[in-house]
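Counting in the numbering used here, the sequence shown runs from 15 upward without gaps.
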Amino acid sequence: MMETESSVYDSLEDLDLSSDYGSIYNPKTNVSKRSKLPLTGPQPTKRPRRNAALRGTPSPSSSHISSPPDPSQQQLSLSQGTPRKPSSRHVTRESEERQGISAKDIYDAVCSGKTAMVTVVEEWLSSYKQSQEAGLLVLINFIVQSCGCKGVVSREMFESMQNAEIICALTQEFSEDSANYPLTTPGPQLKRFKAGLCEFVRVLVRLCRNSLVYDEFLFPSLLALLTGLSDSQVRAFRHTSTLLAIKLMTGLVDVAVQVSAQLQTTQRQFDTEQSKKPHVQASDRLEELKGSIKKLQENKEELSFMMNATFRGVFVHRYRDQLPDIRAACIVELGLWLKTDPENFLKDEFLKYLGWTLHDRQSQVRLQCVRALQSLYQEKEFIGRLELFTSRFKERMLSMVLDKDPDVAVEAVNLLLMIQQNTEDVLNEEECGFIYPLVYASNQAVASAAGAFLYSKLKDLIAADSQEEEKIRHAAFFQIFIAFYLQSEFHEHGAYLVDSLWTAAGAELRDWDVMTALLLQDSGLMYEEEGVLLEIMMCAIRQAAEATRPVGRSQGKKNLSMKEKRIQEIDRGRITTHFIPILPQLLSKYSADAEMVALLLRAPLYFDLDMYSSTQGLEKHLDLLLSQICRIMKKHTDAAVLQACAKLASTLSSECYTFSSRACLVFSQLLDDLTECFNTYLSDLLQGTADRQGVYNSATALKRMAALSSGKDPTGWKLLGSCLDLLKSGIEALDFDTELMAAALKFAGFHLMWAKVNAVNSNPAEAELKLLKKEVHSFCRICQSCLSWDQIEIRDQAFELLCDLLLLYSAGSVRSEPALQTLVHLPSDSLRTELASFLLDHVFDDTENVNLDDAELEQNVVLLQKKRKQLAGYCKLVLYGVLDLSAATNIFKHYSKFFKDFGDIIKETLSKSKLINPIKCARIVCLTLQQLFSEMLTEDHDQQDITEIRELARRLALSFGVGLHRIREQLVALHLDGIRFAFRAAKDGDEEHPNVPFLEILSEFSFKLLPQDRAQLSAILKSECPSAALSWPPVRMYCRSFEPHSFKHKEPEEKGEAISSVVTSAAKQRRTTAQGSPSESSSSPSHLHTPALTSTVLKQTSKQPIATASDSASGLPELESEDDFSSGSHMRKVKQTKRGKAPSMQTSSKQASLDSRLSLLSLIEDDILERAESNGSGEDEPEIEDYESDHESEYALPSTRHTPISILDELFY
């Protein structure tokens, strides 16, 4: 039995696919050998009475729309049929020959969406009952108008022409200028029209389900026409008719289900009546039931025939159409058929289409496929029938959690969650482990879906039954959750794990009682488990109190709704009420652990601190908290702990709280104690007689004071002079303690910053200002001398403090305070040189780190963050006028080489420099390249060096933007400086004009010039250079860069080979190849809108059958064996190729007219390309591939830099 079911997947669908204008499958076997596929049960025999009604109905074997492999034969078949009169057979707008509702009335009602559709359909049914042919003709013209066609099917055409001839005539009238049609109209009109069209079909079937469905004229004729239109070359016909046909089939499936239910009920009544004794039986009742059964069986047979014809004639061909919208619509309706009528459709022979489209190239098709499967797997009674499908396509469904489209990945995870919940042991632990890491993904939707999957698995592992108390279940959940977190490889990302589970496990993560109880109990958790639980608890507190997601998860700033704000206030109140009395206990228990204490000290920052004074009985807990902070400050020397204490002390001392005076008093006393400790050893330190213990005690005291001074004004303790003396003595003696010197530098720097703040807020005397300036000058000289030291901590601290102080005491900072002009401190030339040297030696260093373990990798991340901070500090000095704008050359020259680490900072600096002085910035860009070129000449000349400089020039040129008129003056100034530099007179003994090769670098900026500027620069070049130099290769190359053709995409040479120029736009890369080259458009879809008519005939050759124009975009393979399924989970990535021109074909005069119209309309795409070229700026644009890989998109881990999204704003402002 299993082999029989499995064979359904191992073979192709046995259908005649010879008429697939819009197919994406290029058959590899002879189509004539295909046999018909049995559909819903045994195929009913076709009754003779149906032949007349199905006039023109295309069948798999004979159809006027069918297309044999030979295009010429296809053209001949289209031309066959009843001949048309030249004068009366043209399709034109005509008035209807009857009174009543017209096609335009129905179309307007559908478009508006305001008319009751039942009224419209009932009015049409009334006219149809008066005249069937006239009513059907109105419906046909409504369909034609819904396709966007301006033609009309006349009564004469309807009576004398076959469907194929009618469609051919309508195709010739399809002369719209736009590729848009009603189903693709942008904006809300699209949704309104599509919804109205679907509603019209649904109401039509519902009102006809008891009568006209079985009249053997309306629906067979309608389906025959829709089947023919769905095979049309015209995309509008194909799309609209396919949607109508499958919607009609959906309605027929509903009717068929009702008929089957009625048949079963009637059959049971008949069996019950027949089982009665003969003298009790009612013969009239039996005859009535028997007649009802016969009629219902005929109705079921009629419906089965129409559904089979629609499935074969429309769905089988269109589910792999070129247009993704058509493929997606087919899959949506297939999902409805499978769920509505599982007895006839929920079989492997239909499920295979869902399995195949899981590999579709377009994300919208894959999305609809996954959603269709979700509707099936959520029904437990379907699980048994899906067993073979699940085993065959489980690997593909697992791989889709890494889909490039986040929406598809989310739905894939939800699908696997349904499978895991409704089946037993289908997903083993190894397969589930493929989903778990997604809880750390940067995409919030994917992470939340993975969090729901993880929560479901964790809940299944809890041993406690549902009758136990909630607290016990939550405690068991945390124990399993902690074990999972310890086993994962991403221990630093607790905030992202909590955010992923916030929706699914919100009740558990908000259970503060259980978490604190587990932390405070003496036994139960190991030390490592306590640390994990504490981190999870702090992440949950932040998530609840701030109602914001971690860095990288949020999509910009989002305003909370009133409901979210109310929930946030409730959560924050509960957190405050619970943790105010508990926090001192936790601090007391973990006071010796620096890491845990640093975490706990962040908790009050999320409290509603006003509750300390507004709630009775909580003031004692404030005193206890303040004493705990002081005790921790005196106990620990870890920088993270001291920083956490300082931040909390600054918050509690804020004047917005009524208890701030109490907090200020406590921390002032703490500073008094630390000052006294430091002063005790100060004299010995200055004399150099302090022992090791004294140095340690003074260093730790100064380190704690420096940490506190970051949030509290230390100027009242008058320690700046002592620190400066200590620093001077250490520098002179060259014998100092690193921690002591670093702490003294930091404290002195904060002291001077607070002094500037106090000077702004008060009116100090002139003498005080001069003294402060002298102290600033002295401190800057000390920091300058520290820049060349080998001690990294001191050197980095000195550089960062210099950047801050030079900016704080710059001329721009006191521009609005004339009384403070005395405080302006400008950097000396030697200091400018030292700062630039520091960048070169310690920020832009060339050390490469390979084969690093996790600990070294984490250290490198921290080091990179520190370098970025130092670079941003230097950039601020340039942008705010402390350093001259020309100092930016020290930054710009590293733009290309260090783009990965510092590209965003350098690019922002370059952008803001242009806002300050555009022309000067352009000349500085040229100066940067000149410096690099001069450095290259002083060393061994290497072609690789000039290539790297050209790459930098190319990046800098792209930074000027696309507004050529706006950047005109900048580019001209840059070129003039470059030309003068290239022909600068040589020094004595040097070769003549050594800088001429610089013109090769300068040519990278030529594509940004306007034509008139190119002519002027060319004349200036000839006047500047000697006449003999015009033949030198660099000069000739620079002159060629001014020629217009150098910026246009060159025409392909013979054999269809495209030769790219220096600058190639994406639109030009889509141009067709030379005549005679084979068409390669089937390799990938177009980036641009497809024209309204995509002619298959014009894109085929007569030598061999190839995929049609609509065959190529889907990329959906028809797998021919089981091996195709097992190896088909990874899709081959298709490179974009050029589109070739169609070969000429011999056609009849009638077909030539049609082909000429098709060829004319197919030029729409060329017009769009030409417009894109005329509007382009000439900037080099990267070629983008349309293919959406499912496996290249690994889940992205959140950034370990722990910086806000607006990192540049944080660095520069």
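The beta carbon of each residue, even a glycine, is placed where N, CA and C say it ideally should be. Note that this is a predicted model, so its numbers are computed, not measured.
Exercise. Of all the alpha helix (DSSP H) runs that stay within the bounds of the region 362-392, which reach a length of 4 or more residues?
Worked result: Here the runs fully enclosed are 362-371, 377-391.
Exercise. What did DSSP end up calling Asp-622 once you bin it into helix, strand or coil?
Worked result: Counting from 1 along the sequence shown, the entry for residue 622 is found at position 608. Reduced to three states, the DSSP call for Asp-622 is coil.
For this session: Go through its chain and collect everything with a Cβ distance to Leu-638's Cβ below 8 Å, but skip five positions before and after it.
Result: Taking the sequence shown and counting its residues from 1, one reaches residue 638 at position 624. Closer than 8 Å at the Cβ level, and outside the excluded window around Leu-638, lie Pro-598.
Exercise. Which residue comes first and which comes last in the alpha helix (DSSP H) that contains Tyr-909?
Worked result: Numbered from 1 along the sequence shown, position 895 holds the residue referred to as residue 909. In the DSSP assignment, Tyr-909 falls outside any alpha helix (DSSP H) and carries neither an H nor an E.
Exercise. Where in the region 913-979 do unbroken runs of the alpha helix (DSSP H), each at least 4 residues long, occur, reported from the N-terminal end onward?
Worked result: Counting only runs of 4 or more, we get 913-930, 932-952, 957-972.
Problem set entry | Neighbourhood of Asn-459 by C-beta distance below 7 Å, restricted to the same chain and skipping five residues each side | Here residue 459 refers to the residue found at position 445 of the sequence shown. The sequence shown places Ala at residue 459, rather than the Asn named in the question. So the qualifying residues of the chain are Pro-420, Val-424.
Exercise. What are the boundary residues of the alpha helix (DSSP H) that Glu-173 is part of?
Worked result: Residue mapping note: residue 173 aligns to position 159 of the sequence shown, counting from 1. Its alpha helix (DSSP H) spans residues 169-174.
Exercise. In angstroms, rounded to a whole number, what distance separates the CA positions of Ser-1045 and Gln-1030?
Worked result: Here residue 1045 is taken as the residue at index 1031 of the sequence shown, counted from 1. Here residue 1030 is taken as the residue at index 1016 of the sequence shown, counted from 1. Looking at the two C-alpha atoms, the distance is approximately 19 Å.
Exercise. Under the criterion of a Cβ to heavy atom distance below 7 Å, does Lys-128 qualify as lining the ligand ADP?
Worked result: Ligands are entirely absent from the displayed structure, and the ligand ADP is therefore not among its contents.
Exercise. What does a CB cutoff of less than 7 Å around Leu-429 pick up in its chain, not counting 5 residues either side in sequence?
Worked result: Residue 429 sits at position 415 when you count from the first residue of the sequence shown. Answer for Leu-429: Val-384, Leu-387, Gln-388, Tyr-391, Met-411, listed in chain order.
For this session: Classify Asp-525 as helix, strand or coil using the three-state DSSP reduction.
Result: Position 511 of the sequence shown, counting from 1, holds the residue named residue 525. Correct three-state label for Asp-525: coil.
Exercise. Thinking C-alpha only, which one of Asp-705, His-650, Val-422 is nearest Ala-715?
Worked result: The residue labelled residue 715 in the question sits at position 701 within the sequence shown. When C-alpha distances from Ala-715 are compared across Asp-705, His-650, Val-422, the shortest belongs to His-650.
Problem set entry | For Val-896, the three-state DSSP class (helix, strand or coil) | Position 882 of the sequence shown, counted from the first residue, corresponds to residue 896. In the structure shown, Val-896 sits in coil (DSSP, three-state: anything other than H, G, I, E or B).
Problem set entry | Same chain, Cβ closer than 8 Å to Leu-303, five either side skipped, listed in chain order | Counting from one through the sequence shown, the residue named residue 303 turns up at place 289. If we look at Leu-303 and ignore the five residues flanking it on each side, its Cβ neighbours are Thr-280, Gln-283, Phe-284, Glu-287.
For this session: Find out if the Cβ-Cβ distance for the pair Leu-237, Thr-324 is shorter than 8 Å.
Result: On the sequence shown, position 223 is the one that residue 237 refers to. On the sequence shown, position 310 is the one that residue 324 refers to. Yes. Within cutoff.
Exercise. Should Ala-558 be labelled buried (16 or more other beta-carbon atoms within 10 Å of its own) or exposed?
Worked result: On the sequence shown, residue 558 is found 544 positions in, with the first residue counted as 1. It counts as buried.
Exercise. How would you label Lys-726, buried or exposed, when you count the other beta carbons within 10 angstroms and need 16 or more for buried?
Worked result: Against the sequence shown, residue 726 aligns to sequence position 712. Lys-726 counts as buried, since no fewer than 16 other beta carbons sit within 10 angstroms of its beta carbon.
For this session: Quick one: grab the DSSP three-state call for Thr-629.
Result: Here residue 629 refers to the residue found at position 615 when the sequence shown is read from its first residue. In this structure, Thr-629 counts as coil in the three-state DSSP scheme.
Exercise. For His-650, which of helix, strand or coil comes out of DSSP?
Worked result: Position 636 of the sequence shown, counted from the start, is the residue given in the question as residue 650. DSSP places His-650 outside both helix and strand once states are collapsed to three, so it counts as coil.
Exercise. Among residues of its own chain, excluding the 5 on either side of Met-755, which ones have a beta-carbon nearer than 7 Å to its beta-carbon?
Worked result: Locating residue 755 in the sequence shown gives position 741, counting from the first residue. Result list for Met-755: Leu-741, Gly-744, Ile-808, in chain order.
Exercise. Got a sec? Which residues, its chain only, sit under 8 Å from Leu-845 by beta carbon, not counting five neighbours each side?
Worked result: Position 831 of the sequence shown, counted from the first residue, corresponds to residue 845. Excluding sequence neighbours, Leu-845 sits near Cys-794, Gln-798, Leu-816.
For this session: Report yes if the C-beta distance between Phe-492 and Val-453 is below 8 Å; otherwise report no.
Result: As a working note, residue 492 is residue 478 in the sequence shown. As a working note, residue 453 is residue 439 in the sequence shown. No; because the gap between Cβ atoms is not below 8 Å, this pair is not in contact.
Exercise. Taking Cβ positions, are Leu-548 and Leu-539 nearer each other than 8 Å?
Worked result: Position 534 of the sequence shown, counting from 1, holds the residue named residue 548. Position 525 of the sequence shown, counting from 1, holds the residue named residue 539. Judged by their CB atoms, Leu-548 and Leu-539 are not nearer to each other than the 8 Å cut-off.
Exercise. Of all the options Ala-461, Ala-490, Gly-545, Lys-880, which has the alpha carbon lying nearest to the alpha carbon of Ala-518?
Worked result: Reading the sequence shown from its first residue, position 504 is the one you call residue 518. Selection Ala-461, Ala-490, Gly-545, Lys-880 evaluated against Ala-518 yields Ala-461 as nearest (Cα-Cα).
For this session: Drop a sphere of 10 angstroms on the beta-carbon of His-293, count the other beta-carbons inside from all chains shown, and report buried for 16 or more, exposed for fewer.
Result: Sequence index remark: in the sequence shown, residue 293 carries index 279 (1-based). Answer is exposed; the Cβ neighbour count stays below 16.
For this session: Compare the C-alpha of Ser-256 against each of Tyr-541, Ser-244, Tyr-450 and name the closest.
Result: Against the sequence shown, residue 256 aligns to sequence position 242. First, the residue type needs correcting, since residue 256 is Thr and not Ser in the sequence shown. The shortest C-alpha separation from Thr-256 is found at Ser-244.
Exercise. To which residues of the same chain is Arg-586 closer than 6 Å at the C-beta, ignoring the five residues directly before and after it?
Worked result: As a working mapping, residue 586 is identified with position 572 in the sequence shown. The residues are Ala-559, Asp-622.
For this session: Go to Glu-1057, then tell me how far its alpha helix (DSSP H) extends in each direction, as first and last residue.
Result: Position 1043 of the sequence shown, counting from 1, holds the residue named residue 1057. For Glu-1057, no alpha helix (DSSP H) run applies, since DSSP gives it neither H nor E.
For this session: Could you check the C-alpha separation between Gly-992 and Arg-964 for me, to the nearest Å?
Result: Numbered from its first residue, the sequence shown carries residue 992 at position 978. Numbered from its first residue, the sequence shown carries residue 964 at position 950. One Cα belongs to Gly-992, the other to Arg-964, and the distance between them is close to 14 Å.
Problem set entry | CA-to-CA distance, Leu-1024 to Lys-579, given in whole angstroms | As a working note, residue 579 is residue 565 in the sequence shown. As a working note, residue 1024 is residue 1010 in the sequence shown. Lys-579 and Leu-1024 have their C-alpha atoms roughly 55 Å apart.
Exercise. Alpha carbon to alpha carbon, what distance is there between Arg-375 and Arg-341?
Worked result: Stepping through the sequence shown from its first residue, residue 341 is reached at position 327. Stepping through the sequence shown from its first residue, residue 375 is reached at position 361. The alpha-carbon atoms of Arg-341 and Arg-375 are separated by roughly 11 Å.
For this session: Output yes or no for whether 8 Å exceeds the beta carbon distance between Ala-658 and Leu-615.
Result: Position 644 of the sequence shown, counted from the first residue, corresponds to residue 658. Position 601 of the sequence shown, counted from the first residue, corresponds to residue 615. Yes, they are a contact pair.
Problem set entry | Assigned exposure category for Val-771 - 16 Cβ within 10 Å defines buried | Here the question's residue 771 lines up with position 757 in the sequence shown. Per the 10 Å Cβ criterion, exposed.
For this session: Determine, using beta-carbon pairs with one atom in the region 396-409 and one in the region 433-446, whether at least three such pairs fall under 8 Å.
Result: The region 396-409, when compared against the region 433-446, does touch it at the 8 Å Cβ threshold.
Exercise. Using the rule of at least 16 other Cβ atoms within 10 Å of the residue's Cβ for burial, across every protein chain shown, is Asp-513 buried or exposed?
Worked result: Against the sequence shown, residue 513 aligns to sequence position 499. If you draw a 10 Å sphere on the C-beta of Asp-513, you find 16 or more other C-beta atoms in it, and that means buried.
Exercise. Where does Gln-295 fall in DSSP's three states?
Worked result: As a first step, residue 295 is located in the sequence shown; it is residue number 281 there, counting from the start. Per DSSP, reduced to three states, the secondary structure at Gln-295 is coil, with no helix or strand assignment.
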